[in-house]
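Quick note on numbering: this note's numbering labels position 66 of the sequence shown as 66, and the sequence is numbered without any gaps. Below: one structure, written as structure tokens.
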Amino acid sequence: MRVGLALFAVGVLFIVINVIPFFFGVTDRPLWLNLACLLAPAGLVTAVVSTWRSGRAAARQAARDLAE
1 MRVGLALFAV GVLFIVINVI PFFFGVTDRP LWLNLACLLA PAGLVTAVVS TWRSGRAAAR
61 QAARDLAE
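Here it is in structure tokens:
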């Protein structure tokens, strides 16, 4: 989950860096900057999946504890 949150934070930072030049009339930005913005959704998906997996593991453990 921490990796997902870090990726999301870095992606949001790149999104902000990518939007700022529009205020100064610059519309041609490098490709790597546009691709780096994809870290935000990748981080969000990573965080959601890891949270879902840890929740499922906790539920399985709780079910095992109740069965004993």
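Even for Gly, the Cβ is constructed at its ideal location relative to N, Cα and C.
- In the displayed model, residue 11 falls within a helix according to three-state DSSP.
- Only buried fits residue 11, as 16 or more other CB atoms lie within 10 angstroms of its CB.
- Along the length of the segment 11-42, whole alpha helix (DSSP H) runs at least 4 residues long occupy 31-36, reported in chain order.
- If you check the CB distance, residue 43 and residue 13 do not come in under 8 Å.
- Burial of residue 8 is indicated by the presence of at least 16 other C-beta atoms within 10 angstroms of its C-beta.
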